[in-house]
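J.: Residue numbers (this note's numbering): 417 to 492.
(1) Excluding sequence positions up to five away, which residues of its chain have a Cβ less than 7 Å from the Cβ of residue 455?
(2) Helix, strand or coil for residue 475, going by three-state DSSP, please let me know.
(3) Nearest to residue 469 by CA position, among 436, 431 and 485, is which residue?
(4) Residue 484 lies in the beta strand (DSSP E); which residues open and close that run?
(5) Measuring CB to CB, does residue 438 end up less than 9 Å from residue 473?
(6) Return yes when the Cβ of residue 476 is within less than 9 Å of the Cβ of residue 418, no when it is not.
(7) Count the other CB atoms, across all protein chains shown, that sit within 10 Å of the CB of residue 492; report buried if there are 16 or more and exposed otherwise.
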C-alpha cells in the first residue's frame, strides 16, 4: 500500500506491505492497525489498484497488487 496526503499523515508511513483477498479486507486490516483517525480519512478516499481507480471494496486483489490510498486533492 502507498499512502498520500491526509492518509499518509493518519498512518505515519509512506508505504506498507499487507496481504488481503479483497480491498475490503485490506481496508479492515489497515483500520485495525492504524485506528479511528485513518478510518475517518478513508471515508473520503478513493483507491488505485494497479493503476486503476476504484471505490469497489469487494474488488478481488491479485497477489502483489499495488494499492494507492488517495484522499481528495484540492486544486487551484
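By construction, the Cβ of each residue, glycine as well, lies at the ideal position given by its N, Cα and C atoms.
Bear in mind that the values here come from a model prediction, so they are computed numbers and not experimental data.
T.: To lay it out plainly:
(1) Translated into the one-based positions of the chain shown, residue 455 becomes position 39. Excluding residues within five positions, the ones whose Cβ falls inside 7 Å are 447.
(2) One-based indexing of the chain shown puts residue 475 at position 59. In this structure, residue 475 counts as coil in the three-state DSSP scheme.
(3) Mapped onto the chain shown, residue 469 falls at position 53. Minimum Cα distance to residue 469 is reached at 485.
(4) Taking the chain shown and counting its residues from 1, the one referred to as residue 484 is at position 68. Here the beta strand (DSSP E) through residue 484 covers 483-486.
(5) Here residue 438 refers to the residue found at position 22 when the chain shown is read from its first residue. Here residue 473 refers to the residue found at position 57 when the chain shown is read from its first residue. Going by C-beta atoms, residue 438 is nearer than 9 Å to residue 473.
(6) Along the chain shown, read from residue 1 onward, the residue named residue 418 stands at position 2. Along the chain shown, read from residue 1 onward, the residue named residue 476 stands at position 60. Against a cut-off of 9 Å, the Cβ pair of residue 476 and residue 418 comes out as no contact.
(7) Along the chain shown, one-based indexing puts residue 492 at 76. Because residue 492 carries a pLDDT of 46, less than 50, the predicted location of this residue cannot be relied on, and the following value inherits that uncertainty. The residue is exposed, with fewer than 16 neighbouring Cβ atoms inside 10 Å.
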